[in-house]
Amino acid sequence: MQGPALTSNARKTSNVKGQTLRLLALGLLAAFAWALAQPVHAATPPTASLVMDAHSGKILYSRNADEYRYPASLTKVMTLYLLFEGLEAKKFTLKSRITMTPRGAGMPPSKLGLRAGQTISVEDAILALVTRSANDVASAVGAFLAGTEDDFAVKMTKKAHELGMSRTTYKNASGLPNSAQKTTARDQAKLAKRIREDFPQYYHYFSTEYFVWGKSRIRNHNHLLGKYEGTTGLKTGYTNASGFNLTATVERDDKFLIGVVMGGKKAKLRDAQMVEILDKAFPRAVAMKGGNTLMAAAAPPPTPILRPVGLVNDNDRSELLQLASSIEDERAPDEETYAANGWTAEPPAAVETAALPVAAPESSQKQGASAAPVDSVTAYAVAALRTAEGPVRKAGREIGNFLVAPANAAISPDAAANPLLRTAANDPARREPPAAQSWREGDPLIPEGTWIIQIGAYAEQSDAVDSIRKAMRAAPSELGDAVPVTVPVKTADNRTLYRSRFGGFEGETAARNACGRLAREAIQCIPIPPANWALPQAGESKEKRRG
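Going by this note's numbering, the sequence shown opens with residue 1, and the numbers climb by one from there.
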């Protein structure tokens, strides 16, 4: 009686096992089919990183800094920039209310979780973006500022290009995945520098470690805050495609660095890399007392000596070139390397000689023995000295300045012989005694080998800054990598003028191209060469240098 029962039970057990195996096989096939249907994502590209000295604009470290990367939530820094811009323009206040849109309410995390129609104050929106990196709030801010988030993305891209972020395109306010939304580490460093300079009254929000929302205490995602000495901000970001991103601003010992890391494999690895590149860069950074201002005594600048076209005395050449070197900046390295403390770029290729549009007195038409044919370098320097004061306009934003003392040159032979050529710059009776120098030759802020351009001189620093901003809007591509500065100088009658300049052009062609673009926008511009182009190098004769 036991045999048939055992046989029946065995059959049932076998059937159950067979059904289980068939279900398992079907499940595996379904999972495999689903996997095949998913889009194939490329691996996260190599890390891109950069360290900028925010005082001088000098790039201290660069790796893949100009290669495209996805910004992820670094996008929200531009969202905040435009929100700060609206606050400064008094279009609304920190207490104004932002209404959550249906699109915003439907955003994926990170988010605050507001429902469509609920409101949040502008100040709380700022804090939510800085700490929680709230996607719903970012979308609502975009609609608040531009009507729709799509229109806001257009404004974001336009502003990025105005700020010199030529390789950045925004497609939304949050940084959520979009294959067309791209940027570079260099562009993000530029944005970090500008948001601090342009909105110092709001920049402190980036140092917020905690934000209390209802019963929640929201911690900032930037783990360097409170842990890495001197960290004052800025923003983190992450998507699967971007990897772990971080822009950090660090101020310590009168130095100010901006670091960018994009594409980290893990948050901790990203943070560790940021600390490493900042630690290595700090010894090379420029220290400036009082934040953005480097003070040095200023002697009266030389007044131009009228000279026949094509003739420049050697003494004048030296004077002009020393003045032209009064403020410069260094180009950014193109590969993974820390910038050397000092370097000299190769001279630019020869260009057509620039004509000087100045008629000389008849008594100076005779060429002296020491006179040399004018070259483009000297022509630009003479033109720079001849620049008249620009119109005085109303205020702009405050910006840091570099106050540098030009050298006092000896009287030229022609000036001594001709009273018409004697000026405050070359007449001992009229020259004021020079003040004590606090600037030292070889300061890393003023490296050799780069060109600058000057776009005007103003009685008020705010007017000089205003002209700089106008130029940056007019020529964002040409001025994207240049360093904007105002240069205070004392005139012979003890007035202070503020020269508006851009430094860091890699050669004469780049400087002239920038001036050409500005000229098409009705902005006056003069290229000024570095000091070493027309002067002999150590151990090199003038004849060898010229020939």
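For every residue, glycine included, the Cβ atom is placed at its ideal position computed from N, Cα and C.
Per DSSP, residue i forms a beta bridge with which residues?
{"i": "Asn135", "result": "Per DSSP, none; premise fails for Asn135."}
{"i": "Glu251", "result": "Phe256"}
{"i": "Val489", "result": "Leu497"}
{"i": "Gln454", "result": "Arg501, Ile526"}
{"i": "Arg63", "result": "Ser49"}
{"i": "Tyr210", "result": "Arg219"}
{"i": "Met262", "result": "Ala48"}
{"i": "Phe244", "result": "Tyr238, Gly264"}
{"i": "Arg270", "result": "Paired residue(s): none; Arg270 is not in a bridge."}
{"i": "Arg97", "result": "Ser121"}
{"i": "Thr184", "result": "DSSP output for Thr184 lists no bridge partner at all."}
{"i": "Val483", "result": "Gly503"}
{"i": "Thr169", "result": "Lys182"}
{"i": "Thr231", "result": "Val250"}
{"i": "Arg69", "result": "Thr183"}
If you check the beta carbons only, do residue i and residue j fall under 8 Å apart?
{"i": "Gly164", "j": "Pro527", "result": "no"}
{"i": "Asp184", "j": "Arg196", "result": "According to the sequence provided, residue 184 is Thr. The question's Asp does not apply to it. Not a contact, by the Cβ cut-off of 8 Å."}
{"i": "Ala134", "j": "Ala128", "result": "yes"}
{"i": "Ser500", "j": "Ser467", "result": "yes"}
{"i": "Val260", "j": "Arg270", "result": "no"}
{"i": "Gly503", "j": "Val483", "result": "yes"}
{"i": "Thr93", "j": "Ala140", "result": "no"}
{"i": "Glu149", "j": "Asn172", "result": "yes"}
{"i": "Tyr70", "j": "Ser242", "result": "yes"}
{"i": "Arg186", "j": "Leu50", "result": "yes"}
{"i": "Ile98", "j": "Val122", "result": "yes"}
{"i": "Gln524", "j": "Gly449", "result": "no"}
{"i": "Gly214", "j": "Ala72", "result": "no"}
{"i": "Ala105", "j": "Arg115", "result": "yes"}
{"i": "Thr486", "j": "Ala464", "result": "yes"}
{"i": "Val275", "j": "Tyr228", "result": "yes"}
{"i": "Ile553", "j": "Lys182", "result": "Lying before the first or after the last residue shown, residue 553 is absent from the chain, which here runs from 1 to 547."}
Within the same chain, show all residues whose beta-carbon is closer than 7 Å to that of residue i, passing over the 5 residues directly before and after it, in chain order.
{"i": "Pro46", "result": "Asn64, Gly263"}
{"i": "Ser110", "result": "Arg132, Ser133, Ala134, Asn135"}
{"i": "Asn513", "result": "Glu478"}
{"i": "Glu88", "result": "Phe199"}
{"i": "Arg517", "result": "Ala475, Glu478"}
{"i": "Glu251", "result": "Gly230, Thr232"}
{"i": "Gly86", "result": "Phe92, Leu145"}
{"i": "Asp253", "result": "Ala287"}
{"i": "Ala519", "result": "Cys525"}
Since I believe residue j is in contact with residue i (beta carbons under 8 Å), could you give me their beta-carbon distance rounded to a whole number of angstroms?
{"i": "Tyr81", "j": "Leu191", "result": "7 Å"}
{"i": "Phe152", "j": "Ala146", "result": "4 Å"}
{"i": "Gly237", "j": "Leu112", "result": "About 18 Å separates the two Cβ atoms, so there is no contact after all."}
{"i": "Glu508", "j": "Trp451", "result": "6 Å"}
Which residues in the same chain have their Cβ closer than 6 Å to the Cβ of residue i, if we skip the five residues on either side of it in sequence?
{"i": "Phe211", "result": "Leu127, Thr131, Ile218"}
{"i": "Gln188", "result": "Leu74, Thr247, Val260"}
{"i": "Tyr61", "result": "Val51, Ile277, Ala281, Tyr338"}
{"i": "Glu335", "result": "With a pLDDT of 22 at Glu335, under the threshold of 50, the predicted position of this residue should be treated as unreliable, though the coordinate-derived value follows. Once the five neighbours on either side are set aside, Glu335 has no close Cβ partner at all."}
{"i": "Tyr202", "result": "Phe84"}
{"i": "Ile453", "result": "Phe502, Ala511, Ala514, Cys515, Cys525, Pro527"}
{"i": "Lys255", "result": "Ala285, Ala287"}
{"i": "Gly291", "result": "Per-residue confidence for Gly291 stands at a pLDDT of 44, beneath the threshold of 50, marking its modelled position as unreliable; no derived number is given."}
{"i": "Ala272", "result": "none"}
{"i": "Ala267", "result": "Phe244"}
Keeping to the same chain, check which residues put their C-beta closer than 8 Å to that of residue i; ignore five residues upstream and five downstream.
{"i": "Ala180", "result": "Thr169, Lys171"}
{"i": "Ala48", "result": "Arg63, Asn64, Ala65, Glu67, Arg69, Thr184, Ala185, Val260, Val261, Met262, Gly263"}
{"i": "Lys95", "result": "Ser121, Val122, Glu123"}
{"i": "Met548", "result": "The chain is shown from 1 up to 547; residue 548 falls before or after that span and cannot be answered."}
{"i": "Pro108", "result": "Asn135, Leu176"}
{"i": "Lys470", "result": "Ile523"}
* Touch test, the segment 237-253 against the segment 215-228, Cβ-Cβ under 8 Å, three pairs minimum -> yes
* **Cβ contact (3+ pairs, closer than 8 Å) linking the segment 53-72 and the segment 273-292** => yes
* Do three or more CB pairs link the segment 192-210 to the segment 232-241 at distances below 8 Å? -> yes
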